[in-house]
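Protein chains in written order, with the working numbering: chain A, 1 to 635; chain B, 636 to 1270; chain C, 1271 to 1368; chain D, 1369 to 1466. All C-beta atoms in this analysis are idealised placements derived from N, C-alpha and C, irrespective of residue type, glycine included. None of the values given here were measured: they were computed from a predicted structure. Only one structure is covered here, and it is reproduced in the block below.
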Ligand SMILES: O=C(O)c1cc(C(=O)O)c2c(n1)C(=O)C(=O)c1cc(C(=O)O)[nH]c1-2
Ligand SMILES: O=C(O)c1cc(C(=O)O)c2c(n1)C(=O)C(=O)c1cc(C(=O)O)[nH]c1-2
Ligand SMILES: [Ca+2]
Ligand SMILES: [Ca+2]
């Protein structure tokens, strides 16, 4: 039997052969097809719209001038409460809706969305609820377009909180395959959206608050076979570190650090999950995503830089080997779990045309790196109130700490900015290439933090810190308001073209459109449209419940629609969702968001908007009527 | 100690004095004020809009011509699933929202409905859920306007499923008083909306499926003292039967029948709850409502006419004494629990100007009576597919049975129309006095029915019949569709001016408006507007979830709004709500509504519509912004 | 009182058809009254009284008393509460505190 | 590689203020590396290694092994399932049926 530390890093020759074989036949086609499909505004085929994950739409029917006429066209409730994250997919005239636990999946035919085309309602082990750290969320679905050569149908992938990954027949909703990817008995869950690259579906992991060792797994979509599995910590082969890792930036660290930066076997329960977002560059064949915090939160218990938690990773799609990795927060002391969104852009910076990946991190810094080799290009504060760092040493990549705001046993850290929620958490942001602006959904929350000792028991929470969270210096601390910002950031000059405060934060993320309007939902339940250039608020709508998903847009029958989930929850919503009162409960979220309940209540569904509310039923009021026959003067 | 059969019928001298005292000072004023307030289109102060319960609004901004431009202005999720029945109240610019179990109450300031003014979230004994017959619904709130003389604040009344009645300070949401009205341990619940008449709040009862003896109770709003309590069955004094009961129609029966039409003590567990709707005529000082079925459903177990279950009652408001009572379904054999809506109208019939009460009953007949003395004026079939009755003998008031469709032990009744759900259940309908039309939300469901024996145990279900339900003859029995109708009924000629089939029924009810548009939500989630005159479908909207409440309309800042709850459930939704599969489960509802899940999922909230979606946030996009300040070129 | 018999054509047809087949277990149509408002009759073959018959519900008087007892107790508690309310102006729900 | 040091004015001010007060427990700023990518140092007064110190997490090797064991077992079951799937074209989740 293989020893624990060799699991997962090990890739069987046959698996690699299979993956490569796939590449040579249908796989590259499937990938090309996804890329082609993403270009069609009638589709929205993956999280973030296309592989750049910039969530930017070329559509411009909705403009800064007419967005004031945006109205609800139709709606859909998922039948579930708990936070609704992510955004629906639209493929070939069908919308695929994900939902919170138990992760029902719905297909709606856009010709008549009032009738459900199919629904998949998995029965899940309710014990999953008890090990989810941050409400019972799910960040979305993935789609794989069948290649004609293959008998495999078009597939929809759904990750379940209880650790299962299911592939569904996109046409019928029937289960095609279902694997066990995470074991809730050891605290491992799934909230991340699956991600399709070629004939692989990439699956992240959750559960670092329970000491789960983060892992990323690629399955062959056609056979459900595991093609590669890579960890955040441990031996190099299990992490996917080979000889050319970080060649361009050896100062980031190279071999052996997944063991050397941990005391003894602590890496086995060291966290570094990945429950956030991905991007992919087909020309480089690299997948970009980042790893979460080391565990436990009590830093004193785990000496070392704790590599490769907190790391932006660029992995080869076919074998999962790391091309480069940059650890943003070595030896995290604040839960700055940096799994945040990765947005790919090509921009000229300091005179050079660069292929970039931009990442607004939880630690209060927005990073832009050369996505080819990992060079650090920019590292700017998300807000001038960040106090844990003085700056980032651009040569070494080291964020220089202000030890004043470090944490340690027998010490209560105060006024630490950002808080554990970071200045940016799970929001999926957007990038407008015409305007060169990133639209960032930023938290403005600081904290007090006091560690305590606790033992590790598989399947139990393994945190070890008591938190109080409250608005940052620009907020209203007396009333616990002003907990967020929305900002338009320009990477080349590190400037914020515009910024505006939000009452409770735009937790879900933003959508950018060529029409010059950017959209986002807020925790307190508004769906807002702002002028992309100026930030001016042009329109808003009060949704049934707070929004923690991110908006998407698609065209149907020549009309541009904008869709967004409502359903408050996520980490900031745990007080509301689980009816908690103690301000330090919910890892400190309850206190910070104590006033959220005065603006919104739970819900769970989808709103679809269009100009004047135009839609299938305004076009034909008799659509989906059981009978159009009106009997007169009868009995 | 008083004997059981004297409880409730007994009215203490001091209570009566108090009630009458109230009458002479502030009470009549409070009543007048409610009547005045109801006339103001800016208010919607009681179920059914005013004491006629005709749910007809004088507003005409929204017309048959422009209703196609109706759009969502704002929304609100209650944070609860389960069916949402009833409709919100609006008083003095504040909307009061009721919700399903645990019956949260929300106040929303219409100037900024995006922020919750106050919320009342009772902690209820979860055991209440187990004894609710038909999902965990609630049919609305009541409002009592303070008289200046009194220190009592304006009050909102809320009935809780666990049997409590609470009075809330309308301004602050603080609990003002809270009484125990029903005991879930003996199966008694509350889903009915409270009803304010003068200084009394009238409370019905639920639980006949558990053998609960129906009761109606009046409390003094200022002191919470019980003023009268009247039962459906038993001794005359407990029912409220005195010397002049049914004087004008002695053929309906008069004294002693609450005991004589039951075998032994069966009246003690005889049902006859009242969980439906009320109307009130101030000039006659009579409250109109009806009593539900006798128990158990197995008719063989309870010989007799089972008076006064199934009875339309006219009670004196001050002491609860019955002026008249007409039993629609003597010795019910089908669960035609006739608690349905009572609509008061003044119409000329056969040349006579009459004060009428019209009542579309569950037994398939729509009754119109002279509300002064109980004369039977009309009794028409709700649909020509009714088969249990041949006709109503207008002289005796007796519905003449077709014994073919009776039920009995050792017999499986087949193709019985209506089914136990009746051709009309809890929908709150409307009456348009200009057009002389009642807009009826009708079921089109038939059944097979097979009784079985079972013992009575307090607090346990006491039904004793197995049901299969399916569409009526006009529906699509192969696909279980076509389970409802909407009809415009004219009482003077007993004609249906127009009728249209619905896929799953308009379970919640209708709204009539002077603008010539009538509105209703459907179980499958559409909110529809039809031409009041012709029935033509003018507009519809796909709501997040099916609607089982009834629409209301109000004016705010000069704009006419139409509001309706979404949140599928109620009896037809139990399969969806509780995830039941056996077609006979949910007392037969699961089978009949097996396809409902293909059109809608659970939800719970409110939609508010206006022309072009005009509303507080379209008028001022910066309303309720945390900050309007846009910082430019900063960090 | 209006006394016109109102039936639909279809129902009338049913009623006529029925007249032919009526009889036996089908006899009870509700029109054969002992007294005003007391028109029930047993269906042919079924007992007038169920006590002692095979359809005897065998009601347990203790079970039948429970609703009434519970209501009396609630009324007593409510009376204490409202009495206190009138005196003090404060609503105390917990009767053990009164 | 761009190496410009990017800090905001405000943060700079903070950094300067800090330089004056730095020392003692405040010394660890992340810049004192043993090797590239290995820059952690214990805070003054805290141990370099926690094993045996009062901050010893006292990890139980059995607990630490559970995640890995569970994953191995899941992988084995999944392998059986996909093997069968490739053979039969039908997905059977219940491995006891394979
Ligand atoms: O470490 C983890 O494995 C993990 C998982 C999750 C998750 O799966 O949602 C969150 C976090 N951490 C986390 O740190 C965090 O801030 C967070 C916020 C949310 C959310 O949905 O609002 N999830 C998570
Ligand atoms: O007999 C009763 O006490 C009682 C209560 C209720 C209720 O409280 O909702 C219903 C019924 N019966 C009933 O017969 C019925 O059809 C019904 C439908 C509904 C509904 O909300 O959809 N409730 C009830
Ligand atoms: Ca985490
Ligand atoms: Ca009933």
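So for residue i, helix, strand or coil by DSSP?
i              : result
residue 376/A  : strand
residue 764/B  : helix
residue 432/A  : strand
residue 618/A  : helix
residue 545/A  : coil
residue 1292/C : Annotation note: pLDDT 39 at residue 1292/C (below 50); position unreliable, coordinate value reported separately. Coil, per DSSP.
residue 730/B  : strand
residue 1213/B : helix
residue 361/A  : coil
residue 61/A   : coil
residue 609/A  : strand
residue 414/A  : strand
residue 1038/B : helix
residue 422/A  : coil
residue 1147/B : strand
Give the single residue among the options whose Cα lies nearest to the Cα of residue i.
i              : options                        : result
residue 1533/D : 409/A, 307/A, 39/A, 343/A      : Because chain D in this structure spans residues 1369 to 1466, residue 1533/D falls outside the shown range and cannot be described.
residue 1418/D : 474/A, 418/A, 593/A, 453/A     : 453/A
residue 1076/B : 1018/B, 1263/B, 990/B, 678/B   : 1018/B
residue 605/A  : 715/B, 1207/B, 682/B           : 715/B
residue 402/A  : 358/A, 363/A, 488/A            : 363/A
residue 1158/B : 1146/B, 1178/B, 1173/B, 1150/B : 1178/B
residue 513/A  : 551/A, 526/A, 479/A            : 551/A
residue 495/A  : 292/A, 282/A, 381/A            : 381/A
residue 473/A  : 450/A, 497/A, 423/A, 429/A     : 423/A
residue 808/B  : 931/B, 718/B, 836/B, 793/B     : 793/B
residue 1065/B : 667/B, 674/B, 684/B            : 684/B
Could you compute how far the alpha carbon of residue i sits from the alpha carbon of residue j?
i              : j              : result
residue 855/B  : residue 1354/C : 15 Å
residue 1135/B : residue 1152/B : 15 Å
residue 701/B  : residue 1191/B : 18 Å
residue 95/A   : residue 110/A  : 7 Å
residue 958/B  : residue 919/B  : 10 Å
residue 859/B  : residue 817/B  : 15 Å
residue 825/B  : residue 993/B  : 25 Å
residue 1212/B : residue 1224/B : 12 Å
residue 1155/B : residue 946/B  : 27 Å
residue 291/A  : residue 703/B  : 51 Å
residue 982/B  : residue 710/B  : 38 Å
residue 177/A  : residue 155/A  : 10 Å
Verify the contact flag: residue i, CB atom, against every heavy atom of ligand 5, threshold strictly below 7 Å.
i             : result
residue 868/B : Annotation note on ligand 5: not contained in the displayed structure, which lists ligand 1, ligand 2, ligand 3 and ligand 4 as its ligands.
Contact list for the stretch 950 to 984 of chain B against chain C, Cβ threshold 8 Å: Those residues of the stretch 950 to 984 of chain B that come within reach of chain C (Cβ to Cβ, closer than 8 Å) are 962, 965, 966, 984.
The stretch 1120 to 1139 of chain B: positions lying closer than 7 Å to chain A by Cβ: 1130, 1131, 1132, 1133, 1134, 1135, 1136, 1137, 1138
Contacting positions in the stretch 264 to 286 of chain A - beta carbon closer than 9 Å to chain D: So the list reads 264, 265, 266, 268, 269, given in the order they occur along the chain.
Residues of the stretch 1061 to 1095 of chain B with Cβ closer than 7 Å to any Cβ of chain A, in chain order: none
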